[in-house]
Amino acid sequence: MTEKIYDVVVIGAGPAGMTAAMYSARSEMKTLLLERGVPGGQMNNTAEIENYPGYGQIMGPELSMKMYEPLADLGVENAYGLVTSIVDNGATKTINTEEEVFETKSIIIATGANHRKLGVPGEEEYGARGVSYCAVCDGAFFRDQDILVVGGGDSAVEEAIFLTRFGKTVTIMHRRDELRAQKIIQERAFANDKIKFIWDSVLEEIKGDERKIESVRYKNVKTGEVTEANFGGLFIYVGLDAVSEFARDLGITDEEGWIITDATMKTSIPGIFAVGDVRQKDFRQITTAVGDGAQAAQEAYKYVEG
Ligand SMILES: Cc1cc2nc3c(=O)[nH]c(=O)nc-3n(C[C@H](O)[C@H](O)[C@H](O)COP(=O)(O)OP(=O)(O)OC[C@H]3O[C@@H](n4cnc5c(N)ncnc54)[C@H](O)[C@@H]3O)c2cc1C
């Protein structure tokens, strides 16, 4: 058990957590940023970010580093660890990771969200052999191949546009007859000669040999027609699941696992706040995550001082 008691422990070093840590440290609170992987969160899986003010167009991993690097000079401590549970003792809270225990007066949960899986045959089997959830990580493996992207939201269409740098063609398969992505992103996709569309269709099976995927089987939801088509790579962007398993026993999540907060990021437990994508909210973006982080740090300061 560590002897230190932190004022704030921020769990998760995505944009929400890094902003919360920055504001906490600037309020002279003893701040720990606890992360299970590399700092940056989903930004590390994002090719180009065009809607974070002040940077024009920037690669996700670069923006991650720009947020992370100043934190040490502000006095933010870092620890590596996967949080497995939180115990509320009232005035203090205990955070258990797989290897360590941390004591703190307040907690800001910023554990974000994970890509949702399709749950179709072949998805697990071809996990590292043609099926991916990260264009910036894996796009270059599919140079000059036909690539399929499943999904119709911002992430799916933006990443499809990015993948045209590598692929011979990039096909977007969507279960409806129109995209959900913002209009500006849609227009860019429609204007790109390399991008094709398969509308009203759902992927049913991923097939291949022992080395890589070769084809997919999909069904038109309007006509029922089943088709098989060849693709060398498959990228899946069909939504998000909250990363909050460690908080389920606290009674602060909704039935889908999103953490419920008020507009100031307070959960129903005094001293425990939640920010960013893990929170029950409508619009999950870097800008909204950053705003949540600043707000929660301010509330944590009032809580600890008060
Ligand atoms: C492909 C893609 C493209 C996107 N493009 C854009 C875009 O162009 N513009 C935009 O604004 N947004 C974009 N987004 C959304 C944006 O990235 C997210 O809204 C944002 O990253 C959410 O930030 P967050 O800090 O809440 O969570 P996350 O970024 O998910 O970070 C959470 C962090 O918590 C850590 N963590 C989780 N569980 C634990 C645990 N138990 N213990 C310790 N650490 C833990 C994770 O490792 C992670 O580092 C995109 C997302 C994706 C996937």
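The sequence shown runs -18 to 287 under my numbering.
All residues carry an ideal CB built from backbone N, CA and C; glycine is no exception.
- In the same chain as G132, and ignoring 5 residues on each side of it, the C-beta atoms closer than 6 Å to its own belong to Y218 and V219, in chain order.
- Residue ranges of uninterrupted beta strand (DSSP E) with 3 or more members, entirely inside the stretch 186 to 227 and ordered along the chain, are 194 to 201, 207 to 211, 214 to 217 and 221 to 223.
- In the structure shown, the three-state DSSP call for K(-15) is coil.
- A distance of 8 Å or more separates the beta carbons of R157 and G134.
- If you check the CB distance, G18 and T27 do not come in under 8 Å.
- Note on the stretch 103 to 166: whole beta strand (DSSP E) runs with a minimum of 3 residues are 127 to 131 and 150 to 154, in chain order.
- In the DSSP assignment, Y61 falls within the unbroken beta strand (DSSP E) covering E58 to Y61.
- Separation of the CB atoms of M10 and Y49 is rounded to 19 Å, and the pair is thereby denied contact status at 8 Å.
- In this structure, the alpha-carbon of Q266 lies about 16 Å from that of Q276.
- Per DSSP, K283 has no beta-bridge partner at all.
- Measuring C-alpha to C-alpha distances from G108 to each of I240, R192 and M246 identifies R192 as the nearest.
- Not one heavy atom of ligand 1 sits closer than 7 Å to the Cβ of V82.
- When only Cα atoms are considered, N201 and E209 end up about 11 Å apart.
- Counting C-beta pairs with one atom in each stretch, the stretch 63 to 80 and the stretch 180 to 200 have fewer than three that are closer than 8 Å, which means they do not touch.
- DSSP places S8 in no beta strand (DSSP E); its state is neither H nor E.
- Residue environment analysis places I165 among the exposed positions, since fewer than 16 neighbouring C-beta atoms fall within 10 angstroms of its C-beta.
- Y(-13) and A2 have their C-alpha atoms roughly 12 Å apart.
- Residue pairing for A2: DSSP places it in no beta bridge.
- Rounded to the nearest angstrom, the Cβ distance from A94 to D258 is 4 Å, consistent with a contact under 8 Å.
- For D263, no alpha helix (DSSP H) segment is defined, and its DSSP state is neither H nor E.
- The DSSP-derived three-state label of E43 is helix.
- A residue is called buried once 16 or more other Cβ atoms fall within 10 Å of its Cβ, and Q23 is buried on that count.
- Here the alpha carbon of K247 sits roughly 39 Å from the alpha carbon of E168.
- Collapsing the DSSP output to three states places V271 in a helix.
- Measuring C-alpha to C-alpha distances from Q279 to each of T12, A141, G(-5) and Y36 identifies T12 as the nearest.
- As computed with DSSP, V183 is found in a beta bridge with K200.
- Relative to the Cα of F83, the nearest Cα in the group A60, E105, V101 and L99 belongs to A60.
- Around the beta carbon of A244, a 10 Å sphere encloses fewer than 16 other beta carbons of the protein chains shown; the residue is thus reported as exposed.
- C-alpha of L129 to C-alpha of V(-11): approximately 43 Å in a straight line.
- Between E140 and F227, the gap from beta carbon to beta carbon reaches 8 Å or more.
- Ligand 1 has a heavy atom closer than 7 Å to the beta-carbon of M24.
- A distance below 8 Å separates the beta carbons of A270 and A(-3).
- Beta-bridge analysis with DSSP links E84 to I(-14) and T75.
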